[in-house]
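Since the structure comes first, as structure tokens, the remarks are kept for the end.
2 protein chains.
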Amino acid sequence: MIRKVRLYTPGPTPLLPAAQFAMAAADMHHRTPEFKALYTKVLAQLKVFVGTKNDVLLLSSSGTGAMEASVSNLTSPGDKVLVLTAGKFGERWTGLAKAFGCDPDVLTAPYGQTFDLAQVKAALKPEHKIVFMQSTETSTAVRHDVEAVAKIIKESGSQALLVVDGITGLGTTHFDVDGWGIDVLIGGSQKAVMIPPGLAYMSVSEKAWAAMETSKNPRYYFDLRKERKNAVKGESAYTPAVALVAGLGAALDYIAGQAGGDLEKGRIALVNNAIVNAAATRAGLVSLGFTLFAPTAPAAAATAVAVPEGMDSGTVVKALKSRFSLVTANGQGEMQGKIFRVAHLGYFDYLDTVAFLAAAEHIAKDTLGLPVEFGQAVAAAQRVFAAQAASS
Amino acid sequence: MIRKVRLYTPGPTPLLPAAQFAMAAADMHHRTPEFKALYTKVLAQLKVFVGTKNDVLLLSSSGTGAMEASVSNLTSPGDKVLVLTAGKFGERWTGLAKAFGCDPDVLTAPYGQTFDLAQVKAALKPEHKIVFMQSTETSTAVRHDVEAVAKIIKESGSQALLVVDGITGLGTTHFDVDGWGIDVLIGGSQKAVMIPPGLAYMSVSEKAWAAMETSKNPRYYFDLRKERKNAVKGESAYTPAVALVAGLGAALDYIAGQAGGDLEKGRIALVNNAIVNAAATRAGLVSLGFTLFAPTAPAAAATAVAVPEGMDSGTVVKALKSRFSLVTANGQGEMQGKIFRVAHLGYFDYLDTVAFLAAAEHIAKDTLGLPVEFGQAVAAAQRVFAAQAASS
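If you read the protein sequences in the order shown, they are chains A and B. In this note's numbering, each residue carries its 1-based index in the first sequence increased by 65. In this note's numbering, each residue carries its 1-based index in the second sequence increased by 65.
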């Protein structure tokens, strides 16, 4: 039988065909009027997609490059910062802060959980120049409450900047960037925007721009002030990943096109799409007897599933791959073997969810030996879908 | 009439169709066996393409990212380094060295010229930890003599590392990386390897690896030791630009395929292709009365052409674009308006050269008012081609 390769991984995610074609066709030089028009259009679209009046910049790197840019542009050696971490990507903030000579205080939540807000409040000190966090911790598929953390910072009278890795959060979570006061919000191309990795984007507030005037860490390739100056002219400071920019433009056009050309509405629809698919997936998996790894604060970007004690989650990942060419993600670091993750972010639809659950039924039955009635996970998802359709 | 858009710019360069298709089709996750096999293959091919036994690493960034990696991984604040500069990209080394707190001595050659080797010898001091240079200065289309500089370093008894930006030099110049002693040699994807921008690659010698053990500048996204550790497992430290890696693999296959599957021979043929096309272009342009901007050390990557005093080179660039959809590059910085540049690197063939020269004849006649006999530049190029064919 034919088995189509299907990515259900939380980045790279399935590619939008229109973006694939745009990438392949992008035989363009980056200092031409054609490219400048494209770049200007994409930067304007990204502001709407992020949902902010702040500048949004593009960097030719993975999302980690934009995380580094946040640290190198906003800090000086010796700065006290607060890192909120509950997984591998939170730990990356700590690593970055240390690499650039900062002195991080680290508030940790256990893997699979989000932060106790009272602890966040207690951890925040007047000397913290920045609070770093994820909006979604991809390694555990947990959603953190950025709005609440922003409120804690504001109400405490702290002058700290709030820097948020929204790499899997953007396009799967509703943000009010300017209203809440997110100073930096970071996205990546291989996530909800449906194109391959290689581009990062980030919104930067006026307060963050002001902080850069006095920060002393070295930066060159990721010099945000240089990017800002060039962006006004429709250019990047250094040669941009032209094909990916073309793909990104096509993807943002598609997202807008899903809502009659209104990108803001399209973004909201995309987030809701992930939320419903995630809810349907959770219902289906729970109906099979799987345990959710992050039951209290599950992300819409992806669902993390714990396998029974003594079992290896890699077996599930491998079986889905070998029987259905269906690519899911194992846990990372110490979660390897304990969980597997299935994504809902970007170019996923309801029928993808149903198809995944049908495959999961076979694996639950044959690989894990669970008692399965064929169709039960699918039916659980269908009930979620029907209820959502009825209510909207 | 139909006018096909044709890039004659020294990066981005024309895309190889097989690479475009590979990019578009690269719906892959980067932690799968399929991608690891691809990544391992591409890294091995890059060693042959660069022509070295040293490690070759890939970075998801433009070439400037790899230039930054050379500085941030190999230096500590206060280090004395020597920068050889003769154009905009040489000046980038100076900017990078200063951004990371180094103390650069700068030896400058005028735009359009290469270095006086006696001056290089005199400038090199025992305290210099690194010598930074270009192999081809793209902004002036000048070829620098890397072999001679390497020899000066060796014979002086200096312990300095030699770090070479070969972004347009690779695939247009013959290098003996290990024989000459090039410690770092940097390439970029949008150049001779025929794919869009967004990937950089670099070879790193054992001597350079040793230097990293004690260097103190901060690096994270561009941490070369982390990349080296991951490369052994067929992985990158952070999410790589998957589609571009797939495109690069297809392009390196093509280059090998041009020489019966032998990538080393294919690379040599690619370099010779650029050399002959550059020579033919120079002959054609000189026959029309144009002045070469870099007559003594012309690069094979691109040819820089000076327009007559009082004339704006932008007029030529615009006329080639509007009449023939042919994209060339203006001068950069203070060379803007004084020169235009036409490229030969990567996926260019002899018929591209002839076609360009026919277009240049029209522009020379109509835009610049030069006395032109139709076919004269083409014929001059044909004589170069015929002589080369006869001698090989």
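Beta carbons are placed, not taken as given, at the ideal position from N, Cα and C, and that holds for glycine. Nothing here was measured: the structure is a model prediction, and the numbers come from that model.
Starting from residue i, trace the beta strand (DSSP E) in both directions and tell me its first and last residue.
{"i": "residue 254(A)", "result": "Looking at the DSSP string, residue 254(A) is not in any beta strand (DSSP E), and its letter there is neither H nor E."}
{"i": "residue 230(A)", "result": "226-230"}
{"i": "residue 96(B)", "result": "First-last for residue 96(B): undefined, no H or E at that position."}
{"i": "residue 172(B)", "result": "168-173"}
{"i": "residue 266(A)", "result": "265-269"}
{"i": "residue 404(A)", "result": "404-408"}
{"i": "residue 247(B)", "result": "Taken as a continuous stretch (DSSP letters only), residue 247(B) belongs to no beta strand (DSSP E), as it is neither H nor E."}
{"i": "residue 195(B)", "result": "195-199"}
Quick one: list the residues of chain A neighbouring residue i, beta-carbon separation under 7 Å, in chain order.
{"i": "residue 243(B)", "result": "Here the premise fails: no neighbours, minimum Cβ distance about 28 Å."}
{"i": "residue 97(B)", "result": "392"}
Determine the extent of the alpha helix (DSSP H) in which residue i is found, giving its start and end residues.
{"i": "residue 371(B)", "result": "Premise fails: residue 371(B) lies in the beta strand (DSSP E), 367-371, not in any alpha helix (DSSP H)."}
{"i": "residue 381(A)", "result": "378-389"}
{"i": "residue 283(B)", "result": "Careful: residue 283(B) lies outside any alpha helix (DSSP H) and carries neither H nor E."}
{"i": "residue 88(B)", "result": "82-89"}
{"i": "residue 70(B)", "result": "Unbroken run through residue 70(B): none, as it is neither H nor E."}
{"i": "residue 340(B)", "result": "328-352"}
{"i": "residue 439(B)", "result": "Per DSSP, residue 439(B) belongs to no alpha helix (DSSP H) and is neither H nor E."}
{"i": "residue 421(B)", "result": "415-431"}
{"i": "residue 184(A)", "result": "182-188"}
{"i": "residue 220(A)", "result": "211-221"}
Just the chain B side, please: which residues come within less than 8 Å of residue i by C-beta, in chain order?
{"i": "residue 94(A)", "result": "72, 74, 77, 392 and 394"}
{"i": "residue 387(A)", "result": "None at all; the shortest Cβ gap to chain B is about 11 Å."}
At 8 Å on the CB atoms, spell out the chain A contacts of residue i, in chain order.
{"i": "residue 284(B)", "result": "164"}
{"i": "residue 413(B)", "result": "What residue 413(B) touches in chain A: nothing, since even the nearest Cβ is about 13 Å away."}
{"i": "residue 86(B)", "result": "89"}
{"i": "residue 160(B)", "result": "285"}
{"i": "residue 401(B)", "result": "Correct list: empty, because the minimum Cβ distance to chain A is about 11 Å."}
Would you mind sorting residue i into buried or exposed? The rule is 16 or more other CB atoms within 10 Å of its CB.
{"i": "residue 181(B)", "result": "exposed"}
{"i": "residue 157(A)", "result": "buried"}
{"i": "residue 224(A)", "result": "exposed"}
{"i": "residue 66(B)", "result": "exposed"}
{"i": "residue 85(A)", "result": "buried"}
{"i": "residue 184(A)", "result": "exposed"}
{"i": "residue 301(B)", "result": "buried"}
{"i": "residue 398(A)", "result": "exposed"}
{"i": "residue 378(B)", "result": "buried"}
{"i": "residue 414(A)", "result": "exposed"}
{"i": "residue 422(B)", "result": "buried"}
{"i": "residue 403(B)", "result": "buried"}
For residue i, which residues in the same chain have their Cβ closer than 8 Å to its Cβ, ignoring the five residues on either side in sequence?
{"i": "residue 426(A)", "result": "353, 437, 439, 440, 441, 442 and 443"}
{"i": "residue 163(A)", "result": "169"}
{"i": "residue 77(A)", "result": "255, 261 and 262"}
{"i": "residue 357(B)", "result": "347, 350, 351, 363, 368, 369, 370 and 371"}
{"i": "residue 210(A)", "result": "179, 180, 182 and 362"}
Spatial neighbours of residue i within its chain, please: C-beta separation below 7 Å, excluding the five flanking residues on both sides.
{"i": "residue 424(B)", "result": "385, 389 and 391"}
{"i": "residue 154(A)", "result": "199, 202, 203, 204 and 230"}
{"i": "residue 432(A)", "result": "380, 381 and 384"}
{"i": "residue 213(A)", "result": "182"}
{"i": "residue 176(B)", "result": "151, 152, 205 and 400"}
Enumerate in chain order the residues of its own chain whose CB-to-CB distance from residue i is below 6 Å, with the five nearest sequence positions on each side excluded.
{"i": "residue 238(A)", "result": "200"}
{"i": "residue 124(A)", "result": "130, 131 and 265"}
{"i": "residue 135(B)", "result": "228 and 249"}
{"i": "residue 101(A)", "result": "299"}
{"i": "residue 70(A)", "result": "390"}
{"i": "residue 7(A)", "result": "For chain A, the structure presents residues 66 to 457; residue 7(A) sits outside this window and is missing."}
{"i": "residue 127(A)", "result": "262"}
{"i": "residue 247(A)", "result": "227 and 229"}
{"i": "residue 245(A)", "result": "212 and 215"}
{"i": "residue 324(B)", "result": "330, 331 and 334"}
Closer than 7 Å by beta-carbon distance: list the chain B residues that pair up with residue i, in chain order.
{"i": "residue 261(A)", "result": "91, 306, 307 and 308"}
{"i": "residue 129(A)", "result": "286 and 303"}
{"i": "residue 255(A)", "result": "304"}
{"i": "residue 80(A)", "result": "92"}
{"i": "residue 133(A)", "result": "285 and 286"}
* At which residue ranges does the region 110-152 of chain B contain complete alpha helix (DSSP H) runs of 4 or more residues, listed in the order of the chain? -> 128-139
* Asked: Considering only residues of the region 284-326 of chain A, which uninterrupted alpha helix (DSSP H) runs meet the minimum length of 4 residues and lie entirely inside it, listed in chain order?
  -> 289-296 and 307-322
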